[in-house]
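*Asks:* If you scroll down you'll find the structure; I have some questions about it.
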Amino acid sequence: MHPRLAFIFGLCCWLSTGSAAAQPPPAFPTRPLTAIVPFPAGGPTDVIMRLLAEPMSRTLGQRVIVENVAGAGGTLGSTRAAKAAPDGHTLVVGNMGTHASAPALYPNLKYDPARDFAPIGMAAGTAIVIETRKGFPARSLQEFVAYLKANDAKLNEAHAGVGSISYVTCLLLHTQLGVKPTRVAYRGTAAALNDLIAGTVDYMCDQILNGIGQVKAGKIQGLAITSSQRSPALPDVPTTKEAGLPAFEVSAWNALFAPRGTPAPIVAKLNEALSRALDDAHTRQRLLDLGCNIPEPAARTPEWLQSFVSAELQRWTPLLKADAASAAAARP
Ligand code: ASP
Numbered sequence: 011m012h013p014r015l016a017f018i019f020g021l022c023c024w025l026s027t028g029s030a031a032a033q034p035p036p037a038f039p040t041r042p043l044t045a046i047v048p049f050p051a052g053g054p055t056d057v058i059m060r061l062l063a064e065p066m067s068r069t070l071g072q073r074v075i076v077e078n079v080a081g082a083g084g085t086l087g088s089t090r091a092a093k094a095a096p097d098g099h100t101l102v103v104g105n106m107g108t109h110a111s112a113p114a115l116y117p118n119l120k121y122d123p124a125r126d127f128a129p130i131g132m133a134a135g136t137a138i139v140i141e142t143r144k145g146f147p148a149r150s151l152q153e154f155v156a157y158l159k160a161n162d163a164k165l166n167e168a169h170a171g172v173g174s175i176s177y178v179t180c181l182l183l184h185t186q187l188g189v190k191p192t193r194v195a196y197r198g199t200a201a202a203l204n205d206l207i208a209g210t211v212d213y214m215c216d217q218i219l220n221g222i223g224q225v226k227a228g229k230i231q232g233l234a235i236t237s238s239q240r241s242p243a244l245p246d247v248p249t250t251k252e253a254g255l256p257a258f259e260v261s262a263w264n265a266l267f268a269p270r271g272t273p274a275p276i277v278a279k280l281n282e283a284l285s286r287a288l289d290d291a292h293t294r295q296r297l298l299d300l301g302c303n304i305p306e307p308a309a310r311t312p313e314w315l316q317s318f319v320s321a322e323l324q325r326w327t328p329l330l331k332a333d334a335a336s337a338a339a340a341r342p
């Protein structure tokens, strides 16, 4: 080959392989990360993220700083995360509320849970415990159901804002029982739990880790858990199936997301840091002690989470829209 042609050929090869293998993996992380918790401090979302932040920081070599951006059932903080720079330095803990039920309940929601995020991975599953204030005039789930049906107009149920997990799961319970108690909104279930302990509200549908200590200490009553099996962390609380309400079986979940457009190598690093955190002996034990379910390795990938979010949206959207339509039809 003519030397000049050989040079051009060589240059082309260099350019093409250069651009294919090209992009050197982005240097990441280059500064501390922010993990947005879209609920107040001390609640279940916050506790899960704070447990994960420390071991994730160790793997990533940069601090993971938790920022609580609460309001509107977690949709404010989730909106902030969806619009953040897609460089992996801003994450959000999304859950069954913010990433599955919110679109049906917020007509002007500023993000699409399935399109506007790069899923990182599932963090923790959380069953729901039906909790009442101490002294509530029912000692079992069956008595609670009977009392609720007879006295719904007098009762106050606490939740963490429209679209939150506590809101949606108790909505499901109310629809199944055909009751309409007063629904009292808090910014998160940490504050709702305080009022349940104080006795100023009557009951709530709470993610297990929030009230587990108070149930064990007898400061509130745990009537039933919505999982198919009892939780080893709360073995005395029967399942809804055992306690006579088999249709009310529901599980909540919490996962990490980055903004859409976050480069795949960065998503992979974050996913690895999350997965390692879940396998960290201390973190794992804390999550288990709080009654959380730790995802199996097969359910930890970003792809798994992406299809799970789509399935969850399909599951909750018609249910919540039908409920809203029937509530509108019942209005005088
Ligand atoms: N995740 C909320 C919190 O941390 C509670 C909920 O969604 O019900 O307060």
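First residue of the sequence shown? That's 11 in my numbering, and the numbers climb one at a time after it.
Cβ atoms here follow ideal geometry from the backbone N, Cα and C, with glycine treated the same way.
The structure presented is a predicted model; accordingly, all values stated were derived computationally and were not measured.
1. If you draw a straight line from the C-alpha of P54 to the C-alpha of Q324, how long is it?
2. Under the criterion of a Cβ to heavy atom distance below 7 Å, does T85 qualify as lining the ligand ASP?
3. If you measure from the CB of P54, is any heavy atom of the ligand ASP nearer than 7 Å?
4. Regarding A51 and the ligand ASP, is the C-beta to nearest heavy atom distance less than 7 Å?
5. As a quick exercise: from T108, F127, G188, P96, pick the residue whose alpha carbon is nearest that of S336.
6. Using 7 Å as the cut-off, classify the Cβ of Q8 as near or not near the heavy atoms of the ligand ASP, replying yes or no.
7. Look at the Cβ atom of M66, then the Cβ atom of V76, and state whether they are nearer than 8 Å.
8. Report, in whole angstroms, the separation of the C-beta atoms of S150 and L206, which I expect to be a contact under 8 Å.
9. Specify, as a first and last residue, the run of the beta strand (DSSP E) that Y213 falls within.
10. Mapping the DSSP letters down to three states, classify P328 as helix, strand or coil.
11. Alpha carbon to alpha carbon, how far is L280 from S176?
12. Residues in its own chain within less than 7 Å of L366 by CB, not counting five upstream and five downstream?
13. Could you give the first and the last residue of the continuous beta strand (DSSP E) run that contains N161?
14. What do you reckon, is the C-beta of N105 under 7 Å from a heavy atom of the ligand ASP?
15. I need the straight-line Cα distance from L182 to G254, nearest angstrom please.
16. Let's see if you can read the secondary structure: which residues bound the beta strand (DSSP E) around E259?
*Replies:* On the basis of the supplied data:
1. Distance between the alpha carbons of P54 and Q324 is about 25 Å.
2. The nearest non-hydrogen atom of the ligand ASP is 7 Å or more from the C-beta of T85.
3. Checking every heavy atom of the ligand ASP against the Cβ of P54, one is found closer than 7 Å.
4. Answer for A51: no, Cβ out of range of the ligand ASP.
5. Out of T108, F127, G188, P96, G188 has the C-alpha closest to the C-alpha of S336.
6. In the structure as shown, the chain begins at 11 and stops at 342. Residue 8 is therefore absent and cannot be evaluated.
7. Remark: C-beta atoms of M66 and V76 do not approach each other more closely than 8 Å.
8. Actually they do not touch by this definition, with Cβ atoms about 18 Å apart.
9. Annotation for Y213: the continuous beta strand (DSSP E) segment containing it runs 213-217.
10. Here DSSP, grouped into helix, strand and coil, assigns P328 to helix.
11. Going by the C-alpha atoms only, they are around 28 Å apart.
12. Within the shown structure, residues of the chain are numbered from 11 to 342, placing residue 366 beyond reach of any answer.
13. Here N161 belongs to no beta strand (DSSP E); instead the alpha helix (DSSP H) covers 151-161.
14. Here the distance from the Cβ of N105 to the nearest heavy atom of the ligand ASP is below 7 Å.
15. If you take the alpha carbons of L182 and G254, they lie about 16 Å apart.
16. For E259, there is no enclosing beta strand (DSSP E), since its DSSP letter is neither H nor E.
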